[in-house]
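> Residue numbers (my numbering): 105 to 504.
From the three backbone atoms N, C-alpha and C, an ideal C-beta is built for every residue, glycine too.
Bear in mind that the values here come from a model prediction, so they are computed numbers and not experimental data.
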Amino acid sequence: MVPFRQYLLKIHSRCNLACDYCYMYEAADQSWRDRPRRMAVGTARRTARRIAEHADRCGLDEVGVILHGGEPLLVGAGHLDELLGELASSAPRVRFSLQTNGLRLLTEPALWEVLHRYRVGVGVSLDGAAADHDRHRRFRSGAGSWARTAEAVRLLGSAEHRELFAGLLCVVDLAADPVATYEALLEFAPPRVDLLLPHGTWEAQPPGLRRAVPTAPPPAGAATGAAAGEPAPYARWLIAAFDRWYGAPRRETGVRLFEELAVLLLGGRAASEAVGLAPVDLVVVEADGSIEQADSLKAAYDGAPGTGLDVWRHDFADAAAHPAFRARQRGLAGLGPVCAACPLARVCGGGLYAHRYGDGHFGWPSVYCADLARLIRHIGGRLREDVARLGGAPVTGAAG
Ligand code: SF4
Numbered sequence: 105m106v107p108f109r110q111y112l113l114k115i116h117s118r119c120n121l122a123c124d125y126c127y128m129y130e131a132a133d134q135s136w137r138d139r140p141r142r143m144a145v146g147t148a149r150r151t152a153r154r155i156a157e158h159a160d161r162c163g164l165d166e167v168g169v170i171l172h173g174g175e176p177l178l179v180g181a182g183h184l185d186e187l188l189g190e191l192a193s194s195a196p197r198v199r200f201s202l203q204t205n206g207l208r209l210l211t212e213p214a215l216w217e218v219l220h221r222y223r224v225g226v227g228v229s230l231d232g233a234a235a236d237h238d239r240h241r242r243f244r245s246g247a248g249s250w251a252r253t254a255e256a257v258r259l260l261g262s263a264e265h266r267e268l269f270a271g272l273l274c275v276v277d278l279a280a281d282p283v284a285t286y287e288a289l290l291e292f293a294p295p296r297v298d299l300l301l302p303h304g305t306w307e308a309q310p311p312g313l314r315r316a317v318p319t320a321p322p323p324a325g326a327a328t329g330a331a332a333g334e335p336a337p338y339a340r341w342l343i344a345a346f347d348r349w350y351g352a353p354r355r356e357t358g359v360r361l362f363e364e365l366a367v368l369l370l371g372g373r374a375a376s377e378a379v380g381l382a383p384v385d386l387v388v389v390e391a392d393g394s395i396e397q398a399d400s401l402k403a404a405y406d407g408a409p410g411t412g413l414d415v416w417r418h419d420f421a422d423a424a425a426h427p428a429f430r431a432r433q434r435g436l437a438g439l440g441p442v443c444a445a446c447p448l449a450r451v452c453g454g455g456l457y458a459h460r461y462g463d464g465h466f467g468w469p470s471v472y473c474a475d476l477a478r479l480i481r482h483i484g485g486r487l488r489e490d491v492a493r494l495g496g497a498p499v500t501g502a503a504g
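See below:
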C-alpha cells in the first residue's frame, strides 16, 4: 500500500470571491451544492483519528494537512482553532498549511494568533499584476480583488508574520505577459511561487487550445516538442518565465514547476502530482467527511473525484486500495499507450491526471502534451549546457 502523507481538508465549502476559472464552482463537478458550509469539529476529530491510524499502520511520524475550501478562513478564528486543536491532538506530528485568497486576514485579526500557534504555512492565490489578477479574480459585484489581496500578502510578508508565508499561487493566463507576471509576484518577496496551468480536459480544453488528441508521443528532435507546426502557447509562456527565473544572477524565489522538472531531469523524484511518476500520496476529505481524490478532477465530469468512501465508515487504507487511487500509483504502467511510449514519460509523467481526460477515460496524454514536451526539452537543454560546462552528470529524459 502506498501511504497517504498529505491530507487536504475542505474546511469551508463556500467562497467570498467569484473567480471565473474556479474549478470548485465553475467546473463540471457541482457536488459543493450538497455539502455543509463548514467542516464540523466532530468531522475533524474523526478525520484526525483516521489519519493517526493510517500513519501508525504505515510507520509515518509526520504528515501534511492542507486546509482548503472554498475559502478556508471563512470558518472564522474560533472554529479554526477548534479544528486545528482536534487535528494537532489526535494525528501524528502534523505540518499545517493553508491556501487562501487572503481577504479574511485583513478583516479578522484574531486569525493570526491561531495561525501562529499552530504554525500554519499560508499560501495566497495572486495572479501577478493588478490588471491580470482582476481579469479573473473578482468579487461577486464584479470588482477586482487585487488591491485587497496585495494588502493581505504585504501583511503576511511583514516581519511579524513572515515565518508563516509559504508562497504565492498564480494561474497561468496567456493574456498576461509571463515576465511581467513573474516580476509582479517577486515584488512580494515570496519564498516560493506556484505557476498552475488552468484546468482543462480534451473535452473542455483550456483557454487558447483547440487540439486533436495525439496518437503518438511528441516526435524526437522536434524543436517544439510537438507535432510539426502545432503551436504550444503555454510552453511559450512558461519558457519565458523560466528563462527570466533561471537567468537571474541570484536566486530570487523558488518556482515549484521548474524546480521539480529540473530535479526529474537530473534523475531525482518530484514531490507533486503535476509532473513525474511518483505515486499519488494526497487524499481529500470534504466538509462532510467524504473521502475524495484531488480537486483538479472536478474539471473532468460531475462526481469525478468521488470514491463513495467517508471517514465515518472507512479508513484511509480503504481509500489507498480504491481503484481510483491505485490507477495513479502504478508509475509508467498507469499511463496510456501514447505516454508509455514517450521518451519524456519519466519526467513528464503524462502531466496532471485530470488533464488527460477525454472520451470517458484518463488514458490519453495530457491536453498540455505539446506544451509539456517543449518546456521539458527547453529546461533539459539549459541544464545540459550548464552541467556540461561544470563537467557534471548527464541530464536524462530531455534528449531529442
Ligand atoms: S503527455 Fe507527457 S508523457 Fe505523455 S506523450 Fe505528452 S509529453 Fe509524453
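What is the DSSP secondary structure of VAL167, reduced to helix, strand or coil?
Reduced to three states, the DSSP call for VAL167 is strand.
> Please identify the residue among ALA344, GLY485, LEU230, HIS465 whose C-alpha is closest to the C-alpha of GLU255.
It is LEU230.
> Straight-line CA distance for VAL145 to THR411?
If I take the Cα positions, the gap works out to 23 Å.
> I'd like the ranges of any beta strand (DSSP E) spanning at least 3 consecutive residues and lying wholly in the segment 268-342.
Within the segment 268-342, the complete beta strand (DSSP E) runs of at least 3 residues are 269-275, 296-300.
> Using the C-alpha atoms, what's the distance from GLY467 back to ARG58?
Coverage of the chain is limited to positions 105 through 504, which leaves residue 58 absent and any answer about it impossible.
> Would you call the segment 197-206 and the segment 154-173 in contact, with 3 or more CB pairs under 8 Å?
Segments in contact, yes.
> Quick check on ARG360: buried or exposed, where buried means 16 or more other Cβ atoms within 10 Å of its Cβ?
Result: buried.
> From the DSSP output, in three-state form, read off ARG488 for me.
Of the three classes helix, strand and coil, the one that applies to ARG488 here is helix, per DSSP.
> Does the beta-carbon distance from ALA270 to VAL218 come in below 8 Å?
For ALA270 and VAL218, no; Cβs fall outside 8 Å.
> Looking at C-alpha atoms only, which residue of TRP250, ASP160, TRP216, GLY206 is the closest neighbour of SER194?
Among TRP250, ASP160, TRP216, GLY206, the Cα nearest to that of SER194 belongs to ASP160.
> Report yes or no: do three or more beta-carbon pairs, one from the segment 425-445 and one from the segment 364-384, lie closer than 8 Å?
Yes, the segment 425-445 touches the segment 364-384.
> Can you give, in chain order, each stretch of the alpha helix (DSSP H) that sits fully within the segment 182-221 and has at least 4 residues?
Correct list: 207-211, 214-221.
> Would LEU368 pass as a contact of VAL499 if the rule is Cβ separation under 8 Å?
No, they are not a contact pair.
> From ARG315, LEU413, SER470, pick the residue whose C-alpha is nearest to that of VAL442; which is it?
Ranking ARG315, LEU413, SER470 by Cα distance to VAL442 puts SER470 first.
> Hey, would you say GLY232 sits closer than 8 Å to ALA280, going by beta carbons?
Cβ distance < 8 Å, so GLY232 and ALA280 count as in contact.
> Can you give me the start and stop residues for the alpha helix (DSSP H) that ILE115 sits inside?
From DSSP, ILE115 is part of no alpha helix (DSSP H); its letter is neither H nor E.
> For a test of the three-state rule: what should DSSP assign to ARG226, helix, strand or coil?
Correcting the residue identity first, residue 226 is Val in this sequence and not Arg. In the structure shown, VAL226 sits in a strand (DSSP, three-state: E or B).
> By Cβ distance, which residues of its chain are closer than 8 Å to LEU260, with the 5 residues on each side in sequence left out?
Contacts found: GLY206, LEU209, VAL226, VAL228, ARG266, LEU268, PHE269.
> Distance, Cα to Cα, ALA403 vs HIS465?
So the two alpha carbons sit approximately 13 Å from each other.
> With DSSP collapsed to three states, give me the class of VAL240.
Residue identity check: residue 240 is His in the sequence provided, not Val. Correct three-state label for HIS240: helix.
> Let's test the definition: count the other Cβ atoms within 10 Å of the Cβ of MET105 and tell me whether it reaches 16, buried, or not, exposed.
MET105 is exposed by the Cβ-count criterion.
> Quick one: using the 10 Å Cβ neighbour count with 16 as the cut-off for buried, is ALA423 buried or exposed?
Buried.
> Should PRO196 and ALA156 be called a contact, given that it needs their Cβ atoms to be closer than 8 Å?
Their beta carbons are under 8 Å apart, which means PRO196 touches ALA156 by this criterion.
> CB THR151 to CB VAL387, shorter than 8 Å?
No, they are not a contact pair.
> Could you spell out the range, first to last residue, of the beta strand (DSSP E) harbouring VAL389?
Taken as a continuous stretch (DSSP letters only), the beta strand (DSSP E) holding VAL389 covers 386-389.
> Between which two residues does the alpha helix (DSSP H) harbouring GLY146 extend?
Its alpha helix (DSSP H) spans residues 145-162.
> Between the Cα of ARG153 and those of GLU190, CYS162, GLY453, spot the shortest distance and give me the residue it belongs to.
Here the closest residue by C-alpha is GLU190.
> Inspect the beta-carbon positions of LEU273 and LEU290 and report whether they are closer than 8 Å.
Cβ atoms of LEU273 and LEU290: not closer than 8 Å.
> Starting from THR525, trace the alpha helix (DSSP H) in both directions and tell me its first and last residue.
The chain is shown from 105 up to 504; residue 525 falls before or after that span and cannot be answered.
> Our contact map puts HIS482 next to PHE346 with C-beta atoms below 8 Å; I'd like the distance itself, whole angstroms only.
At roughly 7 Å, the Cβ-Cβ gap stays under 8 Å, so HIS482 and PHE346 are in contact.
> According to the Cβ coordinates, are TRP297 and GLY351 closer than 8 Å?
One detail in the question is off: residue 297 reads as Val in this sequence, not Trp. Their beta carbons are not under 8 Å apart, which means VAL297 does not touch GLY351 by this criterion.
> If I'm right that CYS123 touches ARG241 with Cβ under 8 Å, what's the distance once you round it to whole angstroms?
Sure, about 5 Å apart at Cβ, within 8 Å.
> Give every residue of the same chain whose Cβ lies closer than 6 Å to the Cβ of ARG223, excluding the five residues on either side of it in the sequence, and list them in chain order.
Cβ neighbours of ARG223 beyond the five flanking positions: none.
> Closest by CA to TYR405, which one among HIS459, LEU278, ARG373?
Of the listed residues, the one whose Cα sits closest to TYR405 is HIS459.
> If you draw a straight line from the C-alpha of SER400 to the C-alpha of TYR461, how long is it?
The alpha-carbon atoms of SER400 and TYR461 are separated by roughly 11 Å.
> CB-CB under 7 Å to TYR572, same chain, minus the five flanking residues each way: which ones, in chain order?
Since the first residue of the chain shown is 105 and the last is 504, residue 572 is not available in this structure.
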